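Taking it in order: structure first as structure tokens, then the write-up.
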Amino acid sequence: MHFDLTDLRLIVAVADCGSLSRAAAEFPIALSAASNRLRLLEQRLGVRLFERHADGMAPTPAGRIALDHARRVIAEAQQLTQALDGLAGRQRVSVRLAANTVANSTFLPPALGPFLNDYPEVDLHVEERPSQDILRAVQDGDIDIGVLDGNLAMPDVVSLPFRHDRLVLLVPNGHALAARGHCLFRDALGFAFVGMPSERAMQRFVEEMATLLGKPLTVRVRAPSFFAISQLVAQDVGLTVLPEAAAQRHSGTLPVSIVTLDDGWATRELRLCVRSLEGLTAQGRQLVAYLTGA
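Those letters in the sequence shown? Residues -7 to 286, by the working numbering.
Right, dumping it as structure tokens:
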């Protein structure tokens, strides 16, 4: 059976206004045309959608079911129009994403590039925050998508797998720890460190782990990027803690060695979370699919 969006909008307007004449005036459409449309629709459906009364019109039980479906179809049509307008460049779509340091610095850039190339209408706003702050922002609706430490309890959000991450030590070649190949974090705390700026989420986490072990981290210098940090380690300024992916990237070109951390917290799952998939724009849902490989 064929359904016309104009017919569906008309029955919604009649239900909202309680009167065919008021609905026709708001549409706007001639009263005779509105009456004829409604009559033909009821004939095609084989049911009465409205009871006619002296003081107006009210939906029948069948009409209430038809209205429920009509509202959903109209909403879906509006979302489709918005999505296609975006694809045609007529409308910009903003998606807000927050991720912890590890995800922002290693896994996200290569994953975001293909999405942004495929969806040129999207303006992506990326922030770096600690995982706990990301979770709270997703729960409150302040950001659309979060990438965070999977060890957190995540109530009131939809959580999906993203990547597995491991933190390692990066040390100069010839360092005492380099020959061991692996160690506990506490074994490294007697040495000086090269760190990131103190406000970076991963650096705060590493320094908290050192404090819990009773040996606050000795940071000789702080550098803004993993590459700058790795260069300082190569010059024997100190050790550092890096995501394994970043450490492997720089160990191939610098005189540094990777030492695996045996601490349980050093191996983590990164997860993606959203308040609800249905609450995202079509482009937001596509970004989730790109990031999770769905």
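Ideal Cβ positions, reconstructed from N, Cα and C, are used throughout, including at glycine. Computed from a prediction, not measured in an experiment: that's the story for all the values here.
query                                                                                                                                          : result
Residue(s) in a DSSP beta bridge with residue 138                                                                                              : 90, 265
Cα-Cα separation, residue 25 to residue 151                                                                                                    : 50 angstroms
Proximity to residue 317 [Cα-Cα], best of 126, 267, 246, 235                                                                                   : Because the chain in this structure spans residues -7 to 286, residue 317 falls outside the shown range and cannot be described.
Per-residue burial, residue -2 [other beta carbons within 10 Å of its own, 16 or more giving buried]                                           : exposed
Best match in 101, 251, 86 for proximity to residue 93 [C-alpha to C-alpha]                                                                    : 101
Beta-carbon gap between residue 55 and residue 41 smaller than 8 angstroms                                                                     : yes
Every unbroken beta strand (DSSP E) inside the stretch 234 to 283 [3 residues or more]                                                         : 248 to 253, 259 to 266
Selected residue, minimal CA-CA separation from residue 70, among 277, 175, 273, 281                                                           : 273
Contact under 8 angstroms by Cβ, residue 187 with residue 232                                                                                  : yes
Neighbour-count burial assignment, residue 242, 16 or more Cβ in a 10 Å radius                                                                 : buried
Check whether residue 157 and residue 262 have beta carbons under 8 angstroms apart                                                            : yes
Same chain, Cβ closer than 8 angstroms to residue 275, neighbours up to 5 away in sequence not counted                                         : 75, 78, 85, 87, 111, 113, 114
Start and end residues, alpha helix (DSSP H) containing residue 222                                                                            : 218 to 226
Contact the stretch 246 to 253 vs the stretch 159 to 172: 3+ CB pairs below 8 angstroms                                                        : yes
Pair within 8 angstroms by beta-carbon distance, residue 5 and residue 18                                                                      : yes
Whole-angstrom C-beta distance between residue 183 and residue 211, which should lie under 8 angstroms                                         : With 8 angstroms as the limit, residue 211 and residue 183 do not qualify as a contact, their Cβ atoms being about 11 angstroms apart.
Range of the contiguous alpha helix (DSSP H) that encloses residue 33                                                                          : 23 to 37
Contacts around residue 222, its chain only, beta-carbon distance under 7 angstroms, and the 5 residues preceding and following it disregarded : 162, 242, 246, 248
Limits of the unbroken alpha helix (DSSP H) element including residue 201                                                                      : 193 to 204
CB of residue 267 within 8 angstroms of CB of residue 149, strictly                                                                            : yes
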